[in-house]
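Peer 1: Our numbering applies: residue 29 is where the sequence shown begins, and numbers increase by one. For glycine and all other residues, C-beta sits at the position ideal for the given N, C-alpha and C. Quantities reported herein were computed from a predicted structural model and do not represent experimental measurements.
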Amino acid sequence: MEAFILVNTEAGVLWQVLEAVFKIDGVKTAYGVTGQFDAVVLAQFSDLGFLGKMIERIHHVKGVLRTQTLMTIPAPVRTSSVMPSLAEEERIGPNGYPDR
Numbered sequence: 029m030e031a032f033i034l035v036n037t038e039a040g041v042l043w044q045v046l047e048a049v050f051k052i053d054g055v056k057t058a059y060g061v062t063g064q065f066d067a068v069v070l071a072q073f074s075d076l077g078f079l080g081k082m083i084e085r086i087h088h089v090k091g092v093l094r095t096q097t098l099m100t101i102p103a104p105v106r107t108s109s110v111m112p113s114l115a116e117e118e119r120i121g122p123n124g125y126p127d128r
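In structure tokens form, the structure reads like this:
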């Protein structure tokens, strides 16, 4: 499973926070961003307990003020044999994620 963890940091410590977050098991990537949050972290986990531990570790990183977690929702499994087939380039958006 995957989740996006939105992070607010203290002023002037974003890059130090991201360096520390990258070392946490399950963190696949992290970006500094503009807007309401300072960073977005992509986390992969096998169960909610592991996700909880990852979030706890992120909260213990010096300079992290708060987080908000957005869990991804898996696509429903279709059992119908009448499923439209899209070309690969139509299924993947410009950011590399499925485009819906």
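Give the range of the beta strand (DSSP E) segment to which M99 is assigned.
Peer 2: Here residue 99 refers to the residue found at position 71 of the sequence shown. Here the beta strand (DSSP E) through M99 covers V92 to M99.
Peer 1: Near S74, which residues of its chain fall below 8 angstroms by C-beta distance, leaving aside the five closest residues on each side in sequence?
Peer 2: Within the sequence shown, the letter at position 46 stands for residue 74. Here the set comprises M29.
Peer 1: I'd like to confirm the pairing. Which residues does DSSP put opposite V61 in its beta bridges?
Peer 2: Within the sequence shown, numbered from 1, the residue matching residue 61 stands at position 33. In the DSSP output, where bridge partners are listed per residue, V61 has none listed.
Peer 1: With DSSP as the reference, identify every bridge partner of F32, one or two as the case may be.
Peer 2: On the sequence shown, position 4 is the one that residue 32 refers to. DSSP lists L70 and L98 as partners of F32.
Peer 1: So F69 and V49 are in contact, right, with Cβ under 8 angstroms, and what is the actual spacing, rounded?
Peer 2: For the purposes of this step, residue 69 is taken as residue 41 along the sequence shown, with counting starting at 1. For the purposes of this step, residue 49 is taken as residue 21 along the sequence shown, with counting starting at 1. As written in the sequence, residue 69 is Val, which differs from the Phe given in the question. Contact flag correct, Cβ pair sits at about 6 angstroms.
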